[in-house]
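Engineer: Chains as they are written, first to last, in this note's numbering: chain Z, 28 to 502; chain S, 28 to 502. Can you read through this structure? Questions will come right after.
Protein chains: 2
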Amino acid sequence: MSIVAPTPDFLDGLRDLLGPSGWRDGADAAPWLDEPRGKWSGLAAIVARPANTGEVAEIVRRCAEARVAVVPRAGGTGLVGGQTLVDGPPPVVLSLDRMTAIRSVDAAEDALVAEAGVILEHVHAAAEAADRLFPLSLASKGSARVGGLLSTNAGGVGVLRYGNARDLTLGIEAVLPDGSVLHGLKTLRKDNTGYDLRHLLIGSEGTLGVITAAALRLFPRPRETATAWVAVASPEAACALLPRLRDRLGGAVSAFELIGALALDFIAQELPDAPAPPLKAPWMVLAEASGGAGARVGEALEEALAEALEAGAADDAVIAQNEAQAAAFWRLREEIPQANRRVGAVASHDVAVPLAALPRMVREGEDAVRKVSQGLRVNCFGHVGDGNLHFNVFPPDGATREDFAGLAGAVTRAVHDLVDALGGSVSAEHGLGRLKADELVRYGDPAKLRAMRAIKAALDPAGVMNPGAVLAMEE
Amino acid sequence: MSIVAPTPDFLDGLRDLLGPSGWRDGADAAPWLDEPRGKWSGLAAIVARPANTGEVAEIVRRCAEARVAVVPRAGGTGLVGGQTLVDGPPPVVLSLDRMTAIRSVDAAEDALVAEAGVILEHVHAAAEAADRLFPLSLASKGSARVGGLLSTNAGGVGVLRYGNARDLTLGIEAVLPDGSVLHGLKTLRKDNTGYDLRHLLIGSEGTLGVITAAALRLFPRPRETATAWVAVASPEAACALLPRLRDRLGGAVSAFELIGALALDFIAQELPDAPAPPLKAPWMVLAEASGGAGARVGEALEEALAEALEAGAADDAVIAQNEAQAAAFWRLREEIPQANRRVGAVASHDVAVPLAALPRMVREGEDAVRKVSQGLRVNCFGHVGDGNLHFNVFPPDGATREDFAGLAGAVTRAVHDLVDALGGSVSAEHGLGRLKADELVRYGDPAKLRAMRAIKAALDPAGVMNPGAVLAMEE
Chain Z
28 MSIVAPTPDF LDGLRDLLGP SGWRDGADAA PWLDEPRGKW SGLAAIVARP ANTGEVAEIV
88 RRCAEARVAV VPRAGGTGLV GGQTLVDGPP PVVLSLDRMT AIRSVDAAED ALVAEAGVIL
148 EHVHAAAEAA DRLFPLSLAS KGSARVGGLL STNAGGVGVL RYGNARDLTL GIEAVLPDGS
208 VLHGLKTLRK DNTGYDLRHL LIGSEGTLGV ITAAALRLFP RPRETATAWV AVASPEAACA
268 LLPRLRDRLG GAVSAFELIG ALALDFIAQE LPDAPAPPLK APWMVLAEAS GGAGARVGEA
328 LEEALAEALE AGAADDAVIA QNEAQAAAFW RLREEIPQAN RRVGAVASHD VAVPLAALPR
388 MVREGEDAVR KVSQGLRVNC FGHVGDGNLH FNVFPPDGAT REDFAGLAGA VTRAVHDLVD
448 ALGGSVSAEH GLGRLKADEL VRYGDPAKLR AMRAIKAALD PAGVMNPGAV LAMEE
Chain S
28 MSIVAPTPDF LDGLRDLLGP SGWRDGADAA PWLDEPRGKW SGLAAIVARP ANTGEVAEIV
88 RRCAEARVAV VPRAGGTGLV GGQTLVDGPP PVVLSLDRMT AIRSVDAAED ALVAEAGVIL
148 EHVHAAAEAA DRLFPLSLAS KGSARVGGLL STNAGGVGVL RYGNARDLTL GIEAVLPDGS
208 VLHGLKTLRK DNTGYDLRHL LIGSEGTLGV ITAAALRLFP RPRETATAWV AVASPEAACA
268 LLPRLRDRLG GAVSAFELIG ALALDFIAQE LPDAPAPPLK APWMVLAEAS GGAGARVGEA
328 LEEALAEALE AGAADDAVIA QNEAQAAAFW RLREEIPQAN RRVGAVASHD VAVPLAALPR
388 MVREGEDAVR KVSQGLRVNC FGHVGDGNLH FNVFPPDGAT REDFAGLAGA VTRAVHDLVD
448 ALGGSVSAEH GLGRLKADEL VRYGDPAKLR AMRAIKAALD PAGVMNPGAV LAMEE
């Protein structure tokens, strides 16, 4: 069985089903076909914009029956091409962007039910209005949507304390590849009734179904938050600082981000409106701790940093004196991807390694990249507490990524080979999409890959759900 | 294809493979065939006790080839019959009790790798020796083993803060139903490379493979812990007390257990060596908060309880003055199942409901039980913070469970119907096993059940892995 292009009758049927607001095609479809770095556009026979779960189910059912590919799309912010199909018969792009209801907010249950099209910042606001915290946060929070965040198991800056998207999801409603609806929106903390299909669909990047809504976990809002910008001598020193802080602050450490000097150079160069950094050093850490009323996390963080400075475990530190200053620290961190995009990377990598191997990853990774071409620059930053680095490679000052485009493959191979040798992951938080599907074949566990293919074939025998994402097409 | 009994040659082959310590049969097999309440015994053609993952893989491979059932068993403490097959061709019982190595403890990574046969208390001790906490804890911690805890996604008293077994597992090694080995022991915090087979196997109760080892998450040891025993007027009052404490203490609330007066009566009656309760009331809460050094959780808990007493939100409270007193509070909580076992329940239920529905569950559940038979007594206790109640039904004082055995089915139906009507789960933390497999058919989502059956058939086409558990045999 193979995927086919939809017939004109099929498309007319979808138009009838969805009504005038419910579809786009031709030139009008363009906004639903791009990827955030502007590198390519996807195909679409039509962009379907269902208004509710019933319409999603009917679209998927019809596509499965007709063997038409379905490419789900939420915010379209994914960085690995999971939201765009660039060859083969044109698919139905299934956009969740009209399903933007927050169905319920229940402060007593610490749960919020959001449809797949809700933008992450709107989830934050709804939680805050109920005096609660939804802790998933990342640079694209103003455009990323719930469905995409879950289908890629997004990470971000709160993982150290609160976990990834999957850890923050109590239940999901999803349309399975046969068009049936999985009703799993319970907000229960404990429910051991059968296989956890929630976790199977989360992170499967639309290849096993379409998540249409999610019950998300809320947390008490921290009553006290302390934020520090710390200069350290090296990635080793950054890694050694974390257990020091955790020893003093326990689970109160809520973020621990590594930032290299090049990141600040790029921000200064590309984003003149960004705040000035509180201090600059070859390596810096943005650390945050938070707790309940009376937890005195500010004092504890200050004491821990004073001890670290005295012991030579940190070189300098600035603690934010107010919320505005803390927000400025965070804005610097969150502008890094934007500045990087403007400079233009030769190759970007989202990798995780064991904490102990992280300094080696930075050092040997730079060596490996320079072996490919001496002048390449590495802007390496990320969520050190999670062992997660964004290891992005840039052309020499004055050159452009186009000048070095021919080396991108060799750079990525060198970086990923090192990650694999260190026992790491070549996709920490972005997923595999289509760009990294081959890497699963190269670096993955053969037993895992076989089991994944068996599951895919069992749930999606027609192979219509986001073909080519996660699981590379077999020759 | 159907399951068959192993031939004498097949069994001889296993004996050769495993060596003299590696198998038991006949009367010698009895210790591996019981269930903890002594209600029944399982079948076994042989008990295989492999020494390592390679042997597990070879056993499973041979069984799949010969269509012989495999019933995995770890500590054997499960309460739903997942570890015992009582009819059909006798299976190979695959005991993990010789795989007791803690392969590594890595304080810097906050990770520990334990084989499936490691007893939970030994995991606790290994973590403590590295100045870390492994927070999964439950009454059977002295005999429950890692493999069983994961295959049932065990819960326990730490879920409120730290999550269920699945939330505490970074990676697994498992033997899949075809005998291949899934190598997934990475300790990475972030790894989005394909479907999360870890979460699929966790909670699948041995029906999709055998977990042979797990990388478990460790946490900073709390430097300060405060424990309180609180009298409250009702389950409503207990539920209302929790957000009060969390508002004051944030994420520092690490346990919140409901205890009814009947639980203490049973302990006094059956376990005279147990400590005296610090105070007794119709309903009580055992609350714990913990944090890092300087978190002052003791002060914060005391202040929060003082406010609650003043506001009439609690009736009385005793804060443990030292570790021994805190341990005595906890021992009372943990002796409840043992005392219950000695009294002998007519029917036991492990249910979860939304927090808001929990008081109704207690009240209407008692009404429903009394409608079946007026004199029945309910000992309802559990993890209120998780919405998880152990709703256990006992005969009238002076009668035995045998006198009321004929009513067990009607009692369970009444309780589970109520749970379902309240949007709850009929298995919160014990799993479905064989006792509750039919309940999934009755109360479960049809789309979920179909998807589960498709996955089972894809990964275990011969149907040898723990047949009849989780998924009831189809007629």
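Ideal Cβ positions, reconstructed from N, Cα and C, are used throughout, including at glycine.
1. Since Leu224 (chain Z) meets chain A, which of its residues come closer than 8 angstroms, beta carbon to beta carbon?
2. CA-CA distance, Ile84 (chain S) and Ser131 (chain S)?
3. Go through its chain and collect everything with a Cβ distance to Gly495 (chain S)'s Cβ below 6 angstroms, but skip five positions before and after it.
4. At which residue ranges does the stretch 192-240 of chain Z contain complete alpha helix (DSSP H) runs of 4 or more residues, listed in the order of the chain?
5. Of the residues that make up the stretch 168-180 of chain S, which ones have a beta carbon closer than 8 angstroms to any beta carbon in chain Z?
6. Kindly say whether Asn219 (chain Z), judged by its beta-carbon, lies nearer than 8 angstroms to any beta-carbon of chain S.
7. Mapping the DSSP letters down to three states, classify Asn367 (chain Z) as helix, strand or coil.
8. Asp377 (chain S) lies in the beta strand (DSSP E); which residues open and close that run?
9. Does the ligand SAM have a heavy atom nearer than 7 angstroms to the CB of Ile363 (chain S)?
10. Between Asn79 (chain S) and chain Z, is there a C-beta pair that is closer than 8 angstroms?
11. On a Cα-Cα basis, can you pick out the residue from Z:Leu268, Z:Gly392 and Z:Thr111 that is closest to Pro99 (chain Z)?
12. Nearest-angstrom Cα distance between Trp50 (chain S) and Asp39 (chain S)?
13. Can Ala134 (chain Z) and Asp114 (chain Z) be called in contact, C-beta distance under 8 angstroms?
14. Suppose contacts are defined by Cβ-Cβ distances below 8 angstroms. Is Gly221 (chain Z) in contact with Met479 (chain S) by that definition?
15. What residues are listed by DSSP as bridge partners for Asn180 (chain Z)?
16. With DSSP collapsed to three states, give me the class of Arg76 (chain Z).
17. Give a yes or no on whether 8 angstroms exceeds the smallest Cβ distance from Leu163 (chain Z) to chain S.
18. Looking at chain S, is there any beta carbon in it that lies within less than 8 angstroms of the beta carbon of Ser454 (chain Z)?
19. Whole angstroms are fine: how far does the CA of Gly53 (chain Z) sit from the CA of Leu60 (chain Z)?
20. Could you pull the start and end residues of the beta strand (DSSP E) that Leu112 (chain S) belongs to?
21. Chain S partners of Gly318 (chain Z), CB-CB under 8 angstroms?
22. For Gly65 (chain S), which beta-bridge partners are listed by DSSP?
23. Would Glu284 (chain Z) pass as an interface residue toward chain S - the criterion being a Cβ-Cβ separation below 8 angstroms?
24. With a cut-off of 8 angstroms, does the C-beta of Glu329 (chain Z) fall near any C-beta of chain S?
25. Please state whether DSSP places Gly356 (chain S) in a helix, a strand or coil.
26. On a Cα-Cα basis, can you pick out the residue from Z:Val324, Z:Val186 and Z:Tyr470 that is closest to Pro446 (chain Z)?
27. When you compare only the Cα positions, how much space is there between Ala322 (chain Z) and Ala316 (chain Z)?
28. Along the alpha helix (DSSP H) that carries Gly40 (chain S), what are the first and last residues, could you check?
29. What would DSSP say about His457 (chain S), mapped onto helix, strand or coil?
30. Identify the contact partners of Phe246 (chain S) in chain Z, using a Cβ-Cβ distance below 8 angstroms as the criterion.
31. Unbroken alpha helix (DSSP H) runs of length 4 or more, entirely within the stretch 234-286 of chain S: which are they?
32. Quick check: the stretch 486-501 of chain Z against the stretch 240-250 of chain Z, are there 3 or more CB pairs under 8 angstroms?
33. Determine the direct distance from the alpha carbon of Asp218 (chain Z) to that of Pro118 (chain S), and round the result to whole angstroms.
34. So with Cβ pairs under 8 angstroms, would you call Arg390 (chain Z) a contact of chain S?
35. Is the stretch 256-273 of chain Z close to the stretch 306-315 of chain Z, with three or more CB pairs under 8 angstroms?
36. With a cut-off of 8 angstroms, does the C-beta of Ala484 (chain Z) fall near any C-beta of chain S?
Structural biologist: Taking the structure as given:
1. Structure shown: chain A not included; protein chains present are Z and S.
2. Looking up residue 84 (chain S) in the second sequence gives position 57. Looking up residue 131 (chain S) in the second sequence gives position 104. The sequence shown places Ala at residue 84 (chain S), not Ile. Their backbone Cα atoms lie some 22 angstroms apart in a straight line.
3. Counting from 1 along the second sequence, the entry for residue 495 (chain S) is found at position 468. Same-chain partners within the cutoff: Arg461.
4. 224-228
5. Thr179 and Asn180
6. Taking the first sequence and counting its residues from 1, the one referred to as residue 219 (chain Z) is at position 192. Judged by the 8 angstroms Cβ criterion, Asn219 (chain Z) is in contact with chain S.
7. In the first sequence, the residue the question calls residue 367 (chain Z) occupies position 340. Correct three-state label for Asn367 (chain Z): helix.
8. Reading the second sequence from its first residue, position 350 is the one you call residue 377 (chain S). It spans Asp377 to Ala379 - the beta strand (DSSP E) in which Asp377 (chain S) sits, taken as one unbroken run.
9. Annotation note on the ligand SAM: not contained in the displayed structure, which lists no ligands.
10. As a position in the second sequence, residue 79 (chain S) is number 52, starting the count at 1. No, Asn79 (chain S) lies away from the interface with chain Z (no Cβ there is under 8 angstroms from its Cβ).
11. As a first step, residue 99 (chain Z) is located in the first sequence; it is residue number 72 there, counting from the start. When only C-alpha atoms are compared, the closest one is Z:Thr111.
12. As a position in the second sequence, residue 50 (chain S) is number 23, starting the count at 1. As a position in the second sequence, residue 39 (chain S) is number 12, starting the count at 1. Roughly 11 angstroms between the two C-alpha positions.
13. Translated into the one-based positions of the first sequence, residue 134 (chain Z) becomes position 107. Translated into the one-based positions of the first sequence, residue 114 (chain Z) becomes position 87. No, the Cβ-Cβ distance between Ala134 (chain Z) and Asp114 (chain Z) is not below 8 angstroms.
14. For the purposes of this step, residue 221 (chain Z) is taken as the residue at position 194 of the first sequence. For the purposes of this step, residue 479 (chain S) is taken as the residue at position 452 of the second sequence. Yes, these two residues count as a Cβ contact at 8 angstroms.
15. What you label residue 180 (chain Z) is simply residue 153 of the first sequence in a count that begins at 1. Looking at the DSSP assignment, Asn180 (chain Z) forms no beta bridge with any residue, so it has no partner.
16. Residue mapping note: residue 76 (chain Z) aligns to position 49 of the first sequence, counting from 1. Note: Arg76 (chain Z) maps to coil in three-state DSSP.
17. Your numbering for residue 163 (chain Z) matches position 136 in the first sequence. Not closer than 8 angstroms to any Cβ of chain S, the Cβ of Leu163 (chain Z) fails to qualify, so no.
18. Sequence index remark: in the first sequence, residue 454 (chain Z) carries index 427 (1-based). Judged by the 8 angstroms Cβ criterion, Ser454 (chain Z) is in contact with chain S.
19. Translated into the one-based positions of the first sequence, residue 60 (chain Z) becomes position 33. Translated into the one-based positions of the first sequence, residue 53 (chain Z) becomes position 26. About 11 angstroms.
20. As a position in the second sequence, residue 112 (chain S) is number 85, starting the count at 1. It is not in any beta strand (DSSP E) - Leu112 (chain S) carries neither H nor E in the DSSP assignment.
21. Here residue 318 (chain Z) is taken as the residue at index 291 of the first sequence, counted from 1. The answer, in chain order, is Gly277, Gly278, Ala279, Gly318 and Ala322.
22. Along the second sequence, read from residue 1 onward, the residue named residue 65 (chain S) stands at position 38. DSSP output for Gly65 (chain S) lists no bridge partner at all.
23. As a working mapping, residue 284 (chain Z) is identified with position 257 in the first sequence. Closer than 8 angstroms: no.
24. Counted from its first residue, the first sequence places residue 329 (chain Z) at position 302. Closer than 8 angstroms: no.
25. Residue 356 (chain S) sits at position 329 when you count from the first residue of the second sequence. As written in the sequence, residue 356 (chain S) is Phe, which differs from the Gly given in the question. If DSSP states are grouped into helix, strand and coil, Phe356 (chain S) belongs with the helices.
26. Residue 446 (chain Z) sits at position 419 when you count from the first residue of the first sequence. One point to set straight first is that residue 446 (chain Z) is Val, not Pro, in the sequence displayed. Here the closest residue by C-alpha is Z:Tyr470.
27. Position 295 of the first sequence, counted from the first residue, corresponds to residue 322 (chain Z). Position 289 of the first sequence, counted from the first residue, corresponds to residue 316 (chain Z). Distance between the alpha carbons of Ala322 (chain Z) and Ala316 (chain Z) is about 10 angstroms.
28. Position 13 of the second sequence, counted from the start, is the residue given in the question as residue 40 (chain S). It spans Pro35 to Leu45 - the alpha helix (DSSP H) in which Gly40 (chain S) sits, taken as one unbroken run.
29. Indexing the second sequence from 1 puts residue 457 (chain S) at position 430. The answer is coil: DSSP assigns His457 (chain S) none of H, G, I, E or B.
30. The count along the second sequence starts at 1 and reaches residue 246 (chain S) at position 219. Within chain Z, the residues near Phe246 (chain S) are Gly278.
31. 262-276
32. no
33. Position 91 of the second sequence, counting from 1, holds the residue named residue 118 (chain S). Position 191 of the first sequence, counting from 1, holds the residue named residue 218 (chain Z). The alpha-carbon atoms of Pro118 (chain S) and Asp218 (chain Z) are separated by roughly 29 angstroms.
34. In the first sequence, the residue the question calls residue 390 (chain Z) occupies position 363. With 8 angstroms as the cut-off, Arg390 (chain Z) does not count as an interface residue toward chain S.
35. yes
36. In the first sequence, residue 484 (chain Z) corresponds to position 457, counting from 1. Yes, because at least one Cβ of chain S sits closer than 8 angstroms to the Cβ of Ala484 (chain Z).
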